[in-house]
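Working notes for the structure below.
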Amino acid sequence: MNNLIATSRRGEMRALAVQGIFATDCYAQLRGLVARHLGPAHAALLAEPQHDAGKRQIDWYTDLPGTAVRCADLPADEARRVQARAGELARDILETARRLRESSGHEHGLSGELLALVPRHASEGDLWAVNGQPVLINWGFAQGGAGAEAQDLSRLGATPPPAPPAPAAPPTTPPPVAPTAGRGCLWWLLPLLLLLLLLWLLLAALGYLPSPLPAACAPLPDTAAL
């Protein structure tokens, strides 16, 4: 016998559809599709919707034995485990939906489109747990407000994208080479002195300046005459 999880007010939500077909109207087909492709644990994620005659409310059931507890009411560690498992199951369902959409044939494509609506749900309080197994109510619905987006169960427990690489360090400019100590401005003094010496020799040869060289030696006195 199925266990009642919760009851939702139909007027507070907006049903999601593909080509005018509501996802929850295809519960039996979608659950069977998930069970064939992924197994019973994935199929148990979908709570069974039961609409009342006036379409004013929906009772949600599960065939899992045990007491259903809202995930938000679980201890923090257990809630994180249930959320991580629910996100994993939802991502597997979306991957199956993608493969069906890419398959040839109109029926496969339509089934994939409807299956992609399963992880979409109305609010954060829609995730429940029965003996550690996640169960989702209000799947195939969004909040009833205009422009309201449906929650995405596949985002729970997803690995965040890697951080962008750090920018490369700018190239370092080597420090300027310091001039050799002791050289200063004396390097040009020696050529200047040589130039002045050559100029002096030239002017001395022309008779304008005394010769810097010693004059010719005078004859020595004749010592024999002494």
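Taking UniProt numbering, the leading residue of the sequence shown gets 1, the next gets one more, and so forth.
Think of the CB as a built atom: it goes at the ideal place given N, C-alpha and C, for glycine as much as any other residue.
Residues sharing a beta bridge with residue i, DSSP
| i | result |
| --- | --- |
| residue 52 | For residue 52, which the question treats as bridged, DSSP gives no partner whatsoever. |
| residue 61 | 4 and 48 |
| residue 130 | 68 and 133 |
| residue 9 | 57 |
| residue 120 | 152 |
Endpoints, beta strand (DSSP E) assigned at residue i
| i | result |
| --- | --- |
| residue 135 | 133-136 |
Under the three-state DSSP convention, the category residue i falls into
| i | result |
| --- | --- |
| residue 17 | strand |
| residue 34 | helix |
| residue 197 | helix |
| residue 68 | strand |
| residue 220 | In this prediction, residue 220 has a pLDDT of 42, which is less than 50 and means its spatial position is unreliable; nothing more can be read from the coordinates. |
| residue 142 | strand |
| residue 206 | coil |
Limits of the unbroken alpha helix (DSSP H) element including residue i
| i | result |
| --- | --- |
| residue 82 | 76-102 |
| residue 114 | 106-115 |
| residue 43 | 40-43 |
Contact belief for residue i with residue j at Cβ below 8 Å, rounded distance in angstroms
| i | j | result |
| --- | --- | --- |
| residue 16 | residue 150 | 7 Å |
| residue 89 | residue 42 | 5 Å |
| residue 5 | residue 137 | 6 Å |
| residue 72 | residue 125 | 6 Å |
| residue 131 | residue 66 | 4 Å |
| residue 135 | residue 128 | 5 Å |
Exercise. Does the segment 49-57 come close enough to the segment 110-127 to have 3 or more Cβ pairs within less than 8 Å?
Worked result: Segments in contact, no.
Exercise. Can you find at least 3 beta carbon pairs, one from the segment 61-73 and one from the segment 37-52, that sit closer than 8 Å?
Worked result: The segment 61-73 vs the segment 37-52: in contact.
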